[in-house]
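Participant:
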Amino acid sequence: MSPGTRGHRTPGADLPDHPDRLWRSAEPKRAYDVVIVGGGGHGLATAYYLAKNHGITDVAVLERGWLAGGNMARNTTIIRSNYLWDESAGIYEHALKLWEELEEDLGYPLLFSQRGVLNLAHSLQDVRDSVRRVNANRLNGVDAEWLTPEQVKEVCPIVDISPDVRYPVLGGTYQPRAGIAKHDYVAWGFAKAAADLGVDMIEHCEVTGLDVRDGRVTGVRTTRGPIAARKVALAAAGHSSVVAGYAGVSLPLQSHPLQALVSELLEPVHPTVVMSNAVHVYVSQAHKGELVMGAGIDAANSYRQRGAFHIIERQMAAALELFPVFARAHVLRTWGGVVDVTPDASPVVGLTPVEDLYVNCGWGTGGFKATPGVGWCYAHTVATGEPHPLNAPFSLDRFTTGKLVDEHGAAAVAH
Amino acid sequence: MLLIPCPWCGPRDEAEFHYGGQAHVAYPEDPAALSDEEWARYLFFRDNPKGLFAERWSHTAGCRRWFNAVRDTATNEIHAVYRVGEPRPVTA
Chain A
1 MSPGTRGHRT PGADLPDHPD RLWRSAEPKR AYDVVIVGGG GHGLATAYYL
51 AKNHGITDVA VLERGWLAGG NMARNTTIIR SNYLWDESAG IYEHALKLWE
101 ELEEDLGYPL LFSQRGVLNL AHSLQDVRDS VRRVNANRLN GVDAEWLTPE
151 QVKEVCPIVD ISPDVRYPVL GGTYQPRAGI AKHDYVAWGF AKAAADLGVD
201 MIEHCEVTGL DVRDGRVTGV RTTRGPIAAR KVALAAAGHS SVVAGYAGVS
251 LPLQSHPLQA LVSELLEPVH PTVVMSNAVH VYVSQAHKGE LVMGAGIDAA
301 NSYRQRGAFH IIERQMAAAL ELFPVFARAH VLRTWGGVVD VTPDASPVVG
351 LTPVEDLYVN CGWGTGGFKA TPGVGWCYAH TVATGEPHPL NAPFSLDRFT
401 TGKLVDEHGA AAVAH
Chain B
1001 MLLIPCPWCG PRDEAEFHYG GQAHVAYPED PAALSDEEWA RYLFFRDNPK
1051 GLFAERWSHT AGCRRWFNAV RDTATNEIHA VYRVGEPRPV TA
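Line order of the protein sequences matches chains A and B. Under my numbering, the first residue of the first sequence carries the number 1, and numbering increases by one thereafter. Under my numbering, the first residue of the second sequence carries the number 1001, and numbering increases by one thereafter.
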């Protein structure tokens, strides 16, 4: 600043410049090798691994809103791999191993915090199921322990373990390597890394149709014009049925609102993640200090990103039952996203009856934790035309063969 | 929260109801004759439209009767309610 202008500055003129963009927002080209429909966590991770693992960089990620503004912005960020069946342990544990090196791999901070997850048991049947799951986890190389109520209290001192409450805590499973991450940073990290490798991020571009010729997909129609594609990979979460329907593909999905909420910022009181299927809530405390809570879906199908208040009321009641100390906290914000739920509470990842059209959907209430794992496997599926061994069990035809992967016990509410 | 017009009791809060999913899904007349694909379709596949959807509700905290509704899943607006056994009304 020259001495003559001192005292006569334009307000704001000395503010720093806009920081560098993490990725450039691209204009759609006329054709791509791979078009990914959906710019959420899964779509972005798939784009990244297509470029990094398979050298496929002529890729567009199409997002109807802004990147990672759907369920990726709305989830409760819980990461764990303590599922019951071998198939689930395979893909979720693969994801967790990737999470453990992801900050370094992407060169971007994710606030990944392995603070553990407790899944509480409140009835004798809960206890039996939980111990069985601990044993199954260990056989699959997934870290898991069964904790007594006193040990639960040691891990998380604010849990009420008194025996005279309506649903006493009879113990819990503990996965120490589980945790949380900052969902926005995860999306931005994948988007930046993928864009650096040449992937086009195309926002405000809604897919309105799929072109299918002789049983093979040839491109997409969008609000920004038609785009030809050698392969199309759907990653549209709650809107998967709508998008797949453009190609005449039916999916065994029902779309429901899933709500979550946060409290005001509080001092650190909650050192881990606590989930309870029986009293119906899951709670962690974000780095910034807000308590983050979620529960089950709203029962009725809907594509509205909001739900009914009685669902919130019940999950608050459940939270208070477990954590009496929360009685004086306040709800700061509630919101909803649209989740696509399958009959067996496991995802659908793989081929479709239409050639070169791939589907990744059905993650229901629990897709965030799988983000790097499914991106890795889905990219393999799209690149090679064959399912990766870890997502092969999650094929669409399992509903015909009957080989379901029933994860209602480890997933249902408690995703 | 939805305000659902029960055909017998009138408009009541959603919390009084139990949801029953897609309406008008008939049990196959001869299940044993179905192919695996047809059986899978009956068992696991339901419509999931973004738009008008005919669905079942039970007024569990009221008259305890089942009925059908046509609701727009994009707006949650309920266009019609009708009794079990009646055909789906034509709605705009």
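C-beta: ideal position from N, C-alpha, C; glycine also.
Mind listing the chain B neighbours of glutamine 254/A? Cutoff is C-beta to C-beta under 8 Å, in chain order.
Facilitator: To locate residue 254/A, count along the first sequence from 1; it is residue 254. What glutamine 254/A touches in chain B: Gly1021, Arg1046, Asn1048.
Participant: Considering only residues of the same chain and omitting the five flanking positions on each side of serine 284/A, which have a CB-CB separation below 6 Å?
Facilitator: Here residue 284/A refers to the residue found at position 284 of the first sequence. Closer than 6 Å at Cβ, skipping near neighbours: Ile180, Val273, Val292.
Participant: Less than 7 Å between C-beta atoms, sequence neighbours within five positions excluded: which residues of the same chain meet that for alanine 195/A?
Facilitator: Numbered from its first residue, the first sequence carries residue 195/A at position 195. Result list for alanine 195/A: Trp23, Arg24, Met201, in chain order.
Participant: For methionine 293/A, which three-state DSSP category applies?
Facilitator: Here residue 293/A refers to the residue found at position 293 of the first sequence. If DSSP states are grouped into helix, strand and coil, methionine 293/A belongs with the strands.
Participant: Methionine 316/A lies in the alpha helix (DSSP H); which residues open and close that run?
Facilitator: Numbered from 1 along the first sequence, position 316 holds the residue referred to as residue 316/A. Run containing methionine 316/A: 309 to 322, per the alpha helix (DSSP H) assignment.
Participant: According to a CB-to-CB cut-off of less than 7 Å, which residues of the stretch 368 to 398 of chain A neighbour chain B?
Facilitator: Under the 7 Å Cβ criterion, the stretch 368 to 398 of chain A contributes no residue.
Participant: For the alpha helix (DSSP H) that leucine 139/A lies in, which residues bound it at each end?
Facilitator: Translated into positions along the first sequence, residue 139/A becomes position 139. Looking at the DSSP string, the run of the alpha helix (DSSP H) that includes leucine 139/A is 124 to 139.
Participant: Can you check whether the CB of isoleucine 91/A is closer than 8 Å to the CB of glycine 373/A?
Facilitator: By one-based count along the first sequence, residue 373/A stands at place 373. By one-based count along the first sequence, residue 91/A stands at place 91. Closer than 8 Å, so yes.
Participant: When the Cα of histidine 54/A is compared with those of Gly172/A, Gly198/A, Asp397/A, which residue comes out closest?
Facilitator: Counting from one through the first sequence, the residue named residue 54/A turns up at place 54. Nearest option by C-alpha distance: Gly198/A.
Participant: Using DSSP bridges, identify the partner residues of isoleucine 227/A.
Facilitator: Numbered from 1 along the first sequence, position 227 holds the residue referred to as residue 227/A. In DSSP, isoleucine 227/A forms a bridge with Val220/A.
Participant: Against serine 1014/B, what residues of chain A qualify as contacts under a CB-to-CB distance less than 8 Å, listed in chain order?
Facilitator: Against the second sequence, residue 1014/B aligns to sequence position 14. For clarity, residue 1014/B is glutamate in the given sequence; the question names serine instead. Under the 8 Å cutoff, chain A gives Ala300, Ala308, His310.
Participant: Output needed in chain order: residues of the stretch 1069 to 1091 of chain B with a Cβ under 8 Å from some Cβ in chain A.
Facilitator: Those would be Arg1071, Thr1073, Ala1074, Thr1075, Asn1076, in chain order.
Participant: Quick one: which unbroken alpha helix (DSSP H) runs of 4-plus residues sit fully inside the stretch 1014 to 1087 of chain B? Chain order, please.
Facilitator: Whole alpha helix (DSSP H) segments, 4+ residues: 1036 to 1044.
Participant: Could you give the C-beta distance for tyrosine 358/A and lysine 231/A, rounded to a whole number, given that I count them as a contact under 8 Å?
Facilitator: Stepping through the first sequence from its first residue, residue 358/A is reached at position 358. Stepping through the first sequence from its first residue, residue 231/A is reached at position 231. 7 Å between Cβ atoms; contact.
Participant: Would you kindly work out how many angstroms separate the C-alpha atoms of glutamine 175/A and alanine 95/A, rounded to a whole number?
Facilitator: Along the first sequence, read from residue 1 onward, the residue named residue 175/A stands at position 175. Along the first sequence, read from residue 1 onward, the residue named residue 95/A stands at position 95. Whole-angstrom Cα-Cα distance: 15 Å.
Participant: Give a yes or no on whether 8 Å exceeds the smallest Cβ distance from glycine 1055/B to chain A.
Facilitator: Here residue 1055/B is taken as the residue at index 55 of the second sequence, counted from 1. Going by the sequence as given, residue 1055/B is glutamate instead of glycine. Taking Cβ atoms only, chain A reaches closer than 8 Å to glutamate 1055/B, which makes this a yes.
Participant: When the distance is taken between beta carbons, is glutamate 154/A closer than 8 Å to leucine 67/A?
Facilitator: Position 67 of the first sequence holds residue 67/A. Position 154 of the first sequence holds residue 154/A. No. Outside cutoff.
Participant: Is the separation between the beta-carbon of valine 339/A and that of leucine 261/A shorter than 8 Å?
Facilitator: Translated into the one-based positions of the first sequence, residue 339/A becomes position 339. Translated into the one-based positions of the first sequence, residue 261/A becomes position 261. Contact flag unset, no.
Participant: Determine, for leucine 1052/B, whether the minimum Cβ-Cβ distance to residues of chain A falls below 8 Å.
Facilitator: For the purposes of this step, residue 1052/B is taken as residue 52 along the second sequence, with counting starting at 1. No, leucine 1052/B lies away from the interface with chain A (no Cβ there is under 8 Å from its Cβ).
Participant: Taking valine 155/A as part of the alpha helix (DSSP H), name the residues at either end of that continuous run.
Facilitator: On the first sequence, position 155 is the one that residue 155/A refers to. That run of the alpha helix (DSSP H) goes 149 to 155.
Participant: Give a yes or no on whether 8 Å exceeds the smallest Cβ distance from leucine 1034/B to chain A.
Facilitator: The sequence position of residue 1034/B within the second sequence is 34, counting from 1. Closer than 8 Å: no.
Participant: Let me see if you follow: with CB-CB separation under 8 Å, is leucine 1002/B close to chain D or not?
Facilitator: In the displayed structure, chain D is absent; the protein chains listed are A and B.
Participant: Can you grab the Cα-Cα spacing for the pair arginine 132/A / glutamine 259/A, in whole Å?
Facilitator: On the first sequence, position 132 is the one that residue 132/A refers to. On the first sequence, position 259 is the one that residue 259/A refers to. Spanning the two alpha carbons is a distance of roughly 30 Å.
Participant: Please list the partners that valine 242/A has in chain B, where partner means a Cβ-to-Cβ separation under 7 Å.
Facilitator: Within the first sequence, the letter at position 242 stands for residue 242/A. Chain B residues near valine 242/A: Lys1050.
Participant: List the residues that DSSP assigns as beta-bridge partners of tyrosine 282/A.
Facilitator: Indexing the first sequence from 1 puts residue 282/A at position 282. According to DSSP, tyrosine 282/A bridges with Met275/A, Gly294/A.
Participant: Since leucine 210/A is in the beta strand (DSSP E), which residue starts that stretch and which ends it?
Facilitator: Numbered from 1 along the first sequence, position 210 holds the residue referred to as residue 210/A. Leucine 210/A -> beta strand (DSSP E) spans 207 to 213.
Participant: Return the residue from the list Trp85/A, Val341/A, Cys156/A, Arg304/A that minimises the CA-CA distance to tryptophan 363/A.
Facilitator: The count along the first sequence starts at 1 and reaches residue 363/A at position 363. The option with the nearest alpha carbon to tryptophan 363/A is Val341/A.
Participant: Specify the secondary structure class of proline 1005/B as computed by DSSP and reduced to three states.
Facilitator: On the second sequence, residue 1005/B is found 5 positions in, with the first residue counted as 1. Three-state DSSP puts proline 1005/B in a strand.
Participant: If we define contact as Cβ-Cβ less than 8 Å, is arginine 333/A a contact residue for chain B?
Facilitator: Here residue 333/A is taken as the residue at index 333 of the first sequence, counted from 1. Arginine 333/A does not count as touching chain B.
Participant: CB valine 382/A to CB alanine 244/A, shorter than 8 Å?
Facilitator: Working through the first sequence from its first residue, we reach residue 382/A at position 382. Working through the first sequence from its first residue, we reach residue 244/A at position 244. No.
Participant: In terms of residue numbering, what span does the beta strand (DSSP E) encompassing valine 1090/B cover?
Facilitator: Your numbering for residue 1090/B matches position 90 in the second sequence. No beta strand (DSSP E) holds valine 1090/B; DSSP gives it neither H nor E.
Participant: Output yes if chain B places a C-beta closer than 8 Å to the C-beta of aspartate 221/A; else output no.
Facilitator: To locate residue 221/A, count along the first sequence from 1; it is residue 221. The amino acid occupying residue 221/A in the given sequence is arginine; aspartate does not appear at that position. Taking Cβ atoms only, chain B never reaches closer than 8 Å to arginine 221/A, which makes this a no.
Participant: So, glutamine 305/A versus glycine 336/A, is the Cβ gap smaller than 8 Å?
Facilitator: For this step, residue 305/A is matched to residue 305 along the first sequence. For this step, residue 336/A is matched to residue 336 along the first sequence. A contact, by the Cβ cut-off of 8 Å.
Participant: Assign aspartate 33/A to one of three DSSP states: helix, strand, or coil.
Facilitator: Your numbering for residue 33/A matches position 33 in the first sequence. DSSP places aspartate 33/A in strand when its eight states are reduced to three.
Participant: Rounding to the nearest angstrom, what Cα-Cα distance links tryptophan 1057/B and isoleucine 312/A in this structure?
Facilitator: Counted from its first residue, the second sequence places residue 1057/B at position 57. Counted from its first residue, the first sequence places residue 312/A at position 312. Using only the alpha carbons, I get a separation of about 21 Å.
Participant: Measuring only the C-alpha atoms, how far is proline 168/A from tryptophan 146/A?
Facilitator: Position 168 of the first sequence, counted from the first residue, corresponds to residue 168/A. Position 146 of the first sequence, counted from the first residue, corresponds to residue 146/A. So the alpha carbons of these two residues sit roughly 16 Å apart.
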